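Chemist: Be aware that the sequence shown starts at 1294, since it is given in our numbering, and climbs by one per residue.
Glycine included, every Cβ here is placed at the ideal spot set by N, Cα and C.
All of these numbers come straight from a predicted model, not from anything done at the bench.
Mind looking over this structure? Questions follow.
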Amino acid sequence: MGIVTISSLEDIERSVVQLDIPEFHAIHKTCSPVPLRRKPPGFASLLQAIVGQQVSVASAAAIWERIQAAGLSCEIALAQASETQLAGLGLSRPKVRYAKALALSGLDYERLAVLPDAEVVSRLTAITGIGRWTAEVYALQALGRADVFPHGDLALQEAARQVFHLPARPSETEMRSLAENWAPFRAVAARLLWAYYKHHKSREGIG
């Protein structure tokens, strides 16, 4: 079987029908249009994922805007930037190191796009500063893979707890087991749960 991707809202709708899980049907009905969350493949999207690690959405957006304004969202420019310059844009010391490691990694993005999901994650996590969450988010958003799921994502874990009435927020290991039920469209399940989480936060007035 070739690589299956999610590239449109119609793909999401067809996947929801094929999954045929009542809770996902309900989310799709309530939260449509479910955001596609696609980004262009390449260095910039992966760097943006690193910027977003363990910070709020607002903080990540502000830092990314400064990086783009400084012209440092391409490999060559970032590789040549000084650590002081990158820190001045709001990157922490570890993230300065991670950004540099990515810029100097020589990653073949075109080759990455045709590799199986597991190999994509393996290639990415071999780079300093890229863990499974970042690799899985890149595979889902930039490569559009249909069956990847960021199991360590706290929003997805909390959404799953609420949607499936679990006694506690599932751990990454528990989330991995639960998500097996959503193959081969785990990336669509992730989009639905993210949409639910955002909708629920908005209703509570905390998002």
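1. Is the beta carbon of residue 1356 sitting closer than 9 Å to the one on residue 1335?
2. To the nearest angstrom, report how far apart residue 1485 and residue 1320 are at their CA atoms.
3. Report the rounded CA-to-CA distance for residue 1374 versus residue 1395, giving the unit in angstroms.
4. Please report the straight-line C-alpha distance between residue 1477 and residue 1392, rounded to a whole angstrom.
5. Quick one: grab the DSSP three-state call for residue 1438.
6. For residue 1376, which residues from the same chain have a beta carbon less than 6 Å from its beta carbon, with the 5 sequence-adjacent residues on both sides left out?
7. Give me the Cα-Cα distance between residue 1308 and residue 1456, rounded to the nearest whole angstrom.
8. Give a yes or no on contact between the segment 1481-1495 and the segment 1441-1461, applying the rule of three or more CB pairs nearer than 8 Å.
9. Exposed or buried, what is residue 1437 when buried is set at 16 or more other beta-carbons lying within 10 Å of its beta-carbon?
Modeler: So, from the listed chains and residues:
1. Working through the sequence shown from its first residue, we reach residue 1356 at position 63. Working through the sequence shown from its first residue, we reach residue 1335 at position 42. No; because the gap between Cβ atoms is not below 9 Å, this pair is not in contact.
2. Indexing the sequence shown from 1 puts residue 1485 at position 192. Indexing the sequence shown from 1 puts residue 1320 at position 27. Roughly 6 Å separates the two Cα atoms.
3. Within the sequence shown, numbered from 1, the residue matching residue 1374 stands at position 81. Within the sequence shown, numbered from 1, the residue matching residue 1395 stands at position 102. Those two C-alpha atoms are separated by around 13 Å.
4. Your numbering for residue 1477 matches position 184 in the sequence shown. Your numbering for residue 1392 matches position 99 in the sequence shown. Looking at the two C-alpha atoms, the distance is approximately 32 Å.
5. For this step, residue 1438 is matched to residue 145 along the sequence shown. Strand.
6. Along the sequence shown, read from residue 1 onward, the residue named residue 1376 stands at position 83. Taking residue 1376 as the centre and dropping the five residues before and after it, the same chain places the C-beta of 1389 closer than 6 Å to its C-beta, in chain order.
7. Working through the sequence shown from its first residue, we reach residue 1308 at position 15. Working through the sequence shown from its first residue, we reach residue 1456 at position 163. Roughly 18 Å between the two C-alpha positions.
8. Enough Cβ pairs lie closer than 8 Å, so yes.
9. Taking the sequence shown and counting its residues from 1, the one referred to as residue 1437 is at position 144. Classification for residue 1437: buried.
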